[in-house]
Amino acid sequence: MTFNCLMTGVGGQGTVLASKVLAQTALNAGYFVRTSETIGMAQRGGCVTSHIRFGDDCASPAVPQGCADVIVGFEPSEAVRGSVYVKPHGIILVNTKAIKPITSSLTGQEFHTDEMLAYLRTRSSRVIAVNGEALYTLAGNPRTLNIILLGAGLAEGAFPFTRAAMVAAMRQVLPEKLWAINEKALDLGLSYLQYQ
Amino acid sequence: MARKLVMGNEAIALGAIHAGVNLVSGYPGTPSTEVLETVAKQNPGDIYVEWSVNEKAALEVAAGAAYTGARSMVTMKQVGLNVASDPLMSLAYIGVKGGMVILVADDPGPISSQTEQDTRHFAKYANLPVFDPTTPEEAYEMIEEAFDFSETYQIPVIFRPTTRICHGCATVDIREGRRVQRREGFVKDPKWTIFPKLSYENHLKIEALARELSNVFSTYGRNAVEGSGDQVIVASGVAYTYAKEALTSLQASCRLVKLVTANPFPKDFARSFLQSASQVLVLEELDPVIEEELTRLCGEDGLPLTICGKHTGHTPYAGEYSTEALLEIISSYLSVPYERPSLPPPPALPVRPPVLCAGCPHRASFYAVKQAMKGQDAVFTGDIGCYTLGNAKPLDMVDTCLCMGAGITIAQGLSRMEPNKKQIAFIGDSTFFHTGIVGILNAAYNETDITVVILDNSTTAMTGHQPHPGTGRTMMGDISEKIDIEALVKACGVKCVKTANPLHLKEAVAAVSEAASFSGVSVVIFRSPCIALFKPAVKMEIQDSCINCKKCIREIGCPAITTDEGRVHIEPSLCYGCGLCSQICPVHAISGGDSK
Chain A
1 MTFNCLMTGV GGQGTVLASK VLAQTALNAG YFVRTSETIG MAQRGGCVTS
51 HIRFGDDCAS PAVPQGCADV IVGFEPSEAV RGSVYVKPHG IILVNTKAIK
101 PITSSLTGQE FHTDEMLAYL RTRSSRVIAV NGEALYTLAG NPRTLNIILL
151 GAGLAEGAFP FTRAAMVAAM RQVLPEKLWA INEKALDLGL SYLQYQ
Chain B
1 MARKLVMGNE AIALGAIHAG VNLVSGYPGT PSTEVLETVA KQNPGDIYVE
51 WSVNEKAALE VAAGAAYTGA RSMVTMKQVG LNVASDPLMS LAYIGVKGGM
101 VILVADDPGP ISSQTEQDTR HFAKYANLPV FDPTTPEEAY EMIEEAFDFS
151 ETYQIPVIFR PTTRICHGCA TVDIREGRRV QRREGFVKDP KWTIFPKLSY
201 ENHLKIEALA RELSNVFSTY GRNAVEGSGD QVIVASGVAY TYAKEALTSL
251 QASCRLVKLV TANPFPKDFA RSFLQSASQV LVLEELDPVI EEELTRLCGE
301 DGLPLTICGK HTGHTPYAGE YSTEALLEII SSYLSVPYER PSLPPPPALP
351 VRPPVLCAGC PHRASFYAVK QAMKGQDAVF TGDIGCYTLG NAKPLDMVDT
401 CLCMGAGITI AQGLSRMEPN KKQIAFIGDS TFFHTGIVGI LNAAYNETDI
451 TVVILDNSTT AMTGHQPHPG TGRTMMGDIS EKIDIEALVK ACGVKCVKTA
501 NPLHLKEAVA AVSEAASFSG VSVVIFRSPC IALFKPAVKM EIQDSCINCK
551 KCIREIGCPA ITTDEGRVHI EPSLCYGCGL CSQICPVHAI SGGDSK
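Keeping their order, the protein sequence lines are chains A and B. Residue numbering for the first sequence follows UniProt numbering, starting at 1 and increasing by one per position. Residue numbering for the second sequence follows UniProt numbering, starting at 1 and increasing by one per position.
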């Protein structure tokens with residue numbers, strides 16, 4: 001078994017932490033894990049991606065295009081950018097809240113979430129749109145979006161793990177003062193369907 | 001033994017600690033930074049760790065330590081080795097006593113660098129062995145072997161991971177404990193003093209040693225062959241893992257050679273696969289180093305083989321490789337079918353260039369200089385750091401950027417040829433300490449009319465907030481005396497020095513105007529901390545009196561200010577409350593709200 005996941009978003013959205021939690025969960029389950037992410041200049045408001053791979057056959061640090069079991073899009077246009085990686089019938093989990101770059105405000109070039117979701121649906125029949133903004137408002141902090149998306153992924157069976165396994169990994173990765181809010185975020189994600 | 005998920009750079013650091021390293025020095029630079037940081041974090045207590053002022057200083061500190069028989073490591077990115085190349089070239093002649101690893105991270109792409117230079121050339125140029133790991137887990141094992149190798153042959157060795165190894169994480173079994181070195185100490189001997197006669201003798205020895213090391217590397221277990229057939233693919237670094245993945249995906253078979261030591265080139269190992277090969281393809285990122293060695297060996301041995309790679313147009317010179325790129329190259333080379341899936345074209349996607357953070361004091365500094373120099377003919381020379389991002393619109397305040405410290409000296413050359421233009425050089429605090437001081441000294445001594453703007457945000461921001469001489473902290477956790485930038489530039493002979501807070505726009509513009517009208521070298525120190533060093537106390541809000549003129553968007557380009565259904569909007573989760581926007585709003589419609 002090899003599991004490939006790609007997380008895409010905008011610098012500052014917390015993709016790196018989400019990838020750490022997923023990777024730690026897989027490591028605890030006894031898998032050989034590999035991850036790879038954008039670090040450095042590109043982080044400053046640029047596009048960021050994290051590759052998480054585990055299982056028997058993952059020689060290279062990057063998920064090959066067309067091989068991702070799951071894409072976690074933290075932002076709709078970044079989900080589209082990353083969608084070249086999804087395998088046939090793979091899951092695309094996407095936060096519906098768009099982030100406009102400053103270039104967009106300066107040039108007046110707009111893009112719309114609906115258009116992005118419509119394209120994603122041409123790439124896979126399993127597009128799961130998550131109202132991240134509503135959920136992180138309930139959690140009380142926009143920075144919990146990453147864990148909310150992991151929770152929504154668990155709800156849809158995107159990851160081969162249980163809630164308990166992910167909570168255990170979160171506790172290894174996060175400082176204790178952040179456990180409560182992130183467990184709340186994970187549960188909000190698990191029940192994301194109620195808040196669409 | 002503990003099984004952990006670690007980043008390549010952490011794996012290298014943990015391997016070095018286990019190998020008994022006694023001193024680690026370096027200068028931060030993506031993708032190498034986390035190696036030294038991990039040693040500092042995991043320091044069992046007896047390792048001396050420092051961020052040196054620049055790579056040359058760092059390499060010399062590590063060399064001095066290795067002269068005593070201690071194990072030392074110096075870390076830097078590839079362009080850092082350019083700065084450290086003076087001691088590197090001579091140290092290759094002098095050698096070391098304790099094992100010394102020069103860790104230089106290369107950056108194919110480049111993802112966060114000025115050049116795509118290949119450190120394996122430096123290894124060849126300096127006649128030093130180079131280790132080139134293919135994965136983080138291999139890097140963990142290999143770093144210890146590199147220390148042993150260096151100590152056995154009494155020469156420094158270069159360890160050269162690339163970005164995907166440095167920043168990729170893998171599952172690694174971390175060994176407990178640490179090998180303790182017995183150290184003899186520094187023993188006085190003429191061999192430590194480089195001299196023409198000694199250099200001649202040592203040059204002969206170096207060449208002889210290179211031949212011996214070629215044989216040693218020919219039996220090094222990490223240079224390995226798998227698979228069978230007369231079609232051969234030779235791969236190095238992360239390209240080896242992409243090749244493996246591509247071969248599996250294509251269900252193609254051939255002989256796959258992993259080659260991790262490009263210098264001294266393991267000739268006998270190469271002969272073992274060349275002699276029975278019908279064709280050879282080399283897959284290596286950056287320069288065709290292995291490819292050229294194989295071509296030369298075919299010439300030496302009279303083998304009628306074409307080595308395919310960059311010179312033959314089979315593989316690209318520039319940019320990083322990927323499994324996708326290699327699928328195309330390998331399938332065409334092995335004549336196996338492969339069709340790139342055709343996808344529906346995506347809708348137009350937003351461009352997201354990296355930008356200065358919301359609240360970044362550099363934005364205010366650039367804006368203040370722009371306002372002060374309005375209507376004047378001025379050139380703005382930039383430098384290396386977060387503030388290179390001042391090049392983006394709407395600030396558009398970086399006209400040149402070359403290498404660390406060059407902004408100040410490029411300005412001097414421009415000024416000599418175009419004395420009627422105002423030359424204003426920007427430099428960050430860490431870069432100022434790295435190589436900027438020499439430029440200021442040069443301008444003062446030669447009485448060049450330039451203005452230098454030092455952006456002092458109290459940290460090395462771009463690489464992740466490392467201490468430098470102006471911060472008053474060291475990597476050993478000690479508090480040291482801060483080096484006073486103002487006193488330092490005055491001591492260099494600068495007569496006009498202004499210090500201002502860039503977030504106080506009027507004061508900042510006045511400081512620049514005054515400095516720029518001074519004839520001779522003038523310095524403006526803009527002092528305001530990087531936003532990563534504190535939590536915002538207030539957040540800016542748009543009031544109802546906003547006339548939606550969008551001056552704030554057009555002029556400062558803050559990522560927290562966008563339009564929402566045509567109206568100006570400040571995103572509270574991004575705003576740091578710097579207040580620059582409120583100072584430029586023509587109708588005072590932006591003011592500080594609650595921090596929540």
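Beta carbons: idealized from backbone N, C-alpha and C, even for Gly.
Under the 8 Å Cβ criterion, the segment 272 to 284 of chain B counts as touching the segment 217 to 234 of chain B, having at least three qualifying pairs. Rounded to whole angstroms, the Cβ separation of residue 189 of chain A and residue 135 of chain A is 7 Å, and the two are in contact under 8 Å. Within the same chain, and ignoring the five residues on either side of residue 72 of chain A in sequence, the residues whose Cβ sits closer than 6 Å to its Cβ are 7, 93 and 149. Between residue 512 of chain B and residue 406 of chain B, the C-beta gap is not smaller than 7 Å, which leaves the two residues out of contact. Interface criterion not met: the Cβ of residue 128 of chain A is under 7 Å from no Cβ in chain B. Between residue 444 of chain B and residue 321 of chain B, the C-beta spacing is not below 7 Å. Inclusion of residue 456 of chain B and residue 527 of chain B in the CB contact set at 7 Å is warranted, their separation being smaller than that value.
Among the residues of chain B, those whose CB is under 9 Å from the CB of residue 64 of chain A are 242, 245, 246, 249, 322, 323, 324 and 327, following chain order. Straight across, the Cα-Cα distance linking residue 553 of chain B with residue 523 of chain B is about 30 Å. Residues of chain B with a Cβ closer than 9 Å to the Cβ of residue 3 of chain A do not exist, since the nearest Cβ in that chain sits about 14 Å away.
For residue 179 of chain A, the enclosing alpha helix (DSSP H) starts and ends at 179 to 190.
Spatial neighbours of residue 364 of chain B in its own chain (CB-CB distance under 6 Å, excluding positions within 5 residues in sequence) are listed in chain order as 502, 503 and 580.
Interface annotation for the segment 561 to 593 of chain B against chain A: 562, 563 and 573, criterion Cβ-Cβ distance under 7 Å. Scanning its chain for C-beta atoms nearer than 8 Å, with the 5 sequence neighbours on each side dropped, one finds around residue 109 of chain A the residues 103, in chain order. Interface annotation, residue 92 of chain A: not in contact with chain B, CB-CB separation never under 7 Å.
Residue 108 of chain B counts as buried, since no fewer than 16 other beta carbons sit within 10 angstroms of its beta carbon.
DSSP places residue 412 of chain B in the uninterrupted alpha helix (DSSP H) bounded by 406 to 417.
The alpha carbon of residue 25 of chain B has as its nearest neighbour, out of B:55, B:12, B:7 and B:214, the alpha carbon of B:55. The Cβ atoms of residue 19 of chain B and residue 137 of chain B do not sit closer than 7 Å to each other.
Contact between residue 433 of chain B and residue 469 of chain B is confirmed by a C-beta separation of about 5 Å, below the 8 Å threshold. Annotation for residue 526 of chain B: the continuous beta strand (DSSP E) segment containing it runs 522 to 527. As summarised for the segment 8 to 45 of chain B, the continuous alpha helix (DSSP H) elements at least 4 residues long and confined to that stretch are 8 to 18 and 34 to 41, given in chain order. Residues of chain A whose Cβ lies closer than 8 Å to the Cβ of residue 557 of chain B are, in chain order, 102 and 106. Between residue 260 of chain B and residue 215 of chain B, the CB-CB gap reaches or exceeds 7 Å. Taking 7 Å as the CB threshold, residue 164 of chain B lines the interface with chain A. Within the segment 123 to 173 of chain A, the runs of alpha helix (DSSP H) that reach at least 4 residues and sit entirely inside it are, in chain order, 132 to 139, 145 to 155 and 163 to 173. For residue 23 of chain A, a Cβ of chain B is located within less than 7 Å of the residue's own Cβ.
DSSP assignment within the segment 461 to 549 of chain B yields the following whole beta strand (DSSP E) runs of 3 residues or more, N-terminal first: 496 to 500, 522 to 527 and 539 to 542.
Per DSSP, the continuous beta strand (DSSP E) segment holding residue 37 of chain A begins and ends at 33 to 37. Secondary structure at residue 551 of chain B: helix, using DSSP grouped into helix, strand and coil. By the Cβ rule, the segment 119 to 127 of chain B counts as touching the segment 146 to 164 of chain B, because three or more pairs are nearer than 8 Å. A Cβ of chain B is located within less than 7 Å of the beta carbon of residue 115 of chain A. The way I'd put it, the segment 146 to 160 of chain A does touch the segment 124 to 133 of chain A; three or more beta-carbon pairs between them come closer than 8 Å.
Between residue 36 of chain A and residue 164 of chain B, the beta carbon gap of about 6 Å places them in contact (Cβ cut-off 8 Å). Pairing residue 35 of chain B with residue 265 of chain B, the inter-Cα distance amounts to about 27 Å. Taking the beta carbon of residue 225 of chain B as reference, no residue of chain A falls within 8 Å; the closest one sits roughly 16 Å away.
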